Each structure stands twice: as structure tokens, then as C-alpha cells.
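Visitor:
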Amino acid sequence: GTLDFPDLPSVFCDAVHFLREKKWLDIEGIFRVPGSAEYYEQMKRYYNGEAAALPIHVDAHDVAGILKLFFRELPEPLFPFRY
């Protein structure tokens, strides 16, 4: 099934759903190999409402990289600074 958590940003839900749907989570090293910086910029424009459509080129490492970028750009990390 799809992730449907209204409190989570759509970029997070979309990336996780896509990785699960394509069974890309089974790829060894999926989060170690960097994706395309160009793809990241295209995705940022899409999720900021500056682009009408998602980029056509889709690669497992690009999608995994979007997920990593999401966590990296959180105002406070998953494990808050106080810990």
C-alpha cells in the first residue's frame, strides 16, 4: 500500500512509496551511492511548486538521495540536538 500520513511532507511519502513500489530498497548500498544533483534540483523545484511535472528520468539512487536530502535539510535532525 501507499504511505498516507497527512502530517508528513509529500516528498517523504512519495520517495518512500516509490522506493518500495519499485522494490529498490533491496538494492545493496542504495543509500550509499549518491544520486544526481541535477535531479535533486528538479525535485526541489517540483515540490516547491515551481515546476509542473516530476522529472522523467528516475533512478534508484536519485530517489534514495532525495530521501537523504530531506532528512539532511530538516530544521532539527531526527535525533534532536539536545540528545
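For what it's worth, my numbering labels the leading residue of the sequence shown as 1454, then goes sequentially. Idealized CB from N, CA, C, for every residue including glycine. On a predicted model such as this, the values are computed, not experimentally measured, just so you know.
Give a yes or no on whether the C-beta atoms belonging to L1531 and F1465 are separated by under 9 Å.
Guide: No.
Visitor: Whole angstroms are fine: how far does the CA of S1489 sit from the CA of A1505?
Guide: Cα to Cα, A1505 sits roughly 20 Å from S1489.
Visitor: When you compare only the Cα positions, how much space is there between E1481 and R1535?
Guide: Whole-angstrom Cα-Cα distance: 33 Å.
Visitor: Considering Cα atoms alone, identify which of E1529, F1523 and P1528 is closest to L1462.
Guide: The sequence shown places Pro at residue 1462, not Leu. The candidate whose alpha carbon is nearest that of P1462 is F1523.
Visitor: Could you check whether M1496 and P1508 sit closer than 9 Å to each other, using their CB atoms as the reference points?
Guide: In contact: P1508 and M1496 (Cβ atoms closer than 9 Å).
Visitor: Go to V1464, then tell me how far its alpha helix (DSSP H) extends in each direction, as first and last residue.
Guide: Here the alpha helix (DSSP H) through V1464 covers S1463 to E1474.
Visitor: How far does the alpha helix (DSSP H) with E1526 in it reach, from first residue to last?
Guide: From DSSP, E1526 is part of no alpha helix (DSSP H); its letter is neither H nor E.
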